[in-house]
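Notes follow once the structure below has been shown.
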Amino acid sequence: MTQSKRDRRGFRVAGLPAVLLAVTGLAACGTEPGSRSCTETAIAVADVTVTDRVAPLTLTATMTAGGKPVQGAELAFFIAVGPVDGKTTGRRVAEETTDADGVATHERPDGVDGLLVGDRKIDRYSVEFNPINKIDGVQYCRARGDAALTVT
Numbered sequence: 069m070t071q072s073k074r075d076r077r078g079f080r081v082a083g084l085p086a087v088l089l090a091v092t093g094l095a096a097c098g099t100e101p102g103s104r105s106c107t108e109t110a111i112a113v114a115d116v117t118v119t120d121r122v123a124p125l126t127l128t129a130t131m132t133a134g135g136k137p138v139q140g141a142e143l144a145f146f147i148a149v150g151p152v153d154g155k156t157t158g159r160r161v162a163e164e165t166t167d168a169d170g171v172a173t174h175e176r177p178d179g180v181d182g183l184l185v186g187d188r189k190i191d192r193y194s195v196e197f198n199p200i201n202k203i204d205g206v207q208y209c210r211a212r213g214d215a216a217l218t219v220t
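For the sequence shown, my numbering assigns the number 69 to the initial residue and increments by one for each residue that follows.
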């Protein structure tokens, strides 16, 4: 019976490093930037200043890989709303696809008021790319761009 316990304990010890190695390997693979298993990307966004809350609002992002535009990427647009209970939260407002120039544009004809945030402050927006599938046979890395969204 003592031999059996040693065998099981030896298996656990031998198995634990293998599990840790597998988990550590997973954290550095897939679509994480720097993982070497995807093509690095960048998202450029520009600050936006709104002076009329009901005027059409346009948010634009450009996605590139190696300085070249990426066409066909699904980009998610978020606004930062807050504070609520002392915390600022992100709110997804749209998903747009990049064109041949790598540009995705989200237009809100009813402006900032159409975002329905009440009296909470909007101070920035983010655009994220979280790839699930390859685009034209290329696995791109995830990326994010942030910019100010100032409402005066």
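Note that CB positions come from ideal geometry on N, CA and C, so glycine has one too.
Check                                                                                                                                                                                 : Outcome
Do Pro-124 and Gly-158 have their C-beta atoms closer together than 8 Å?                                                                                                              : no
What is the DSSP secondary structure of Asp-167, counted as helix, strand or coil?                                                                                                    : coil
Would you identify the three-state DSSP class for Gly-158, choosing helix, strand or coil?                                                                                            : strand
Okay, do the stretch 101–111 and the stretch 123–140 touch, 3+ Cβ pairs below 8 Å being the bar?                                                                                      : yes
Span of the beta strand (DSSP E) holding Gly-150?                                                                                                                                     : 142–152
Let me confirm a value: Ile-147 is counted as buried when at least 16 other C-beta atoms fall within 10 Å, else exposed. Which label applies?                                         : buried
Use the C-beta contact count for Ile-111: other C-beta atoms within 10 angstroms, 16 or more gives buried, fewer gives exposed.                                                       : buried
If you run the structure through DSSP and keep just helix, strand and coil, what is Val-180?                                                                                          : helix
Might you give, ordered along the chain, the residues of its own chain that have their beta carbon closer than 8 Å to the beta carbon of Asp-115, omitting 5 neighbours on each side? : Ala-215, Ala-216, Leu-217 and Thr-218
Put Thr-126 into one of helix, strand or coil per three-state DSSP.                                                                                                                   : strand
For Glu-142, which residues in the same chain have their Cβ closer than 7 Å to its Cβ, ignoring the five residues on either side in sequence?                                         : Glu-163 and Thr-165
If you draw a straight line from the alpha carbon of Thr-128 to that of Arg-160, how long is it in whole angstroms?                                                                   : 15 Å
With H, G and I counted as helix, E and B as strand and the rest as coil, what does DSSP make of Ala-90?                                                                              : Residue confidence is low: Ala-90 scores 39 on pLDDT, short of 50, so the model does not pin down where it sits. No coordinate-derived value is stated.
Give a yes or no on whether the C-beta atoms belonging to Gln-139 and Ala-168 are separated by under 8 Å.                                                                             : yes
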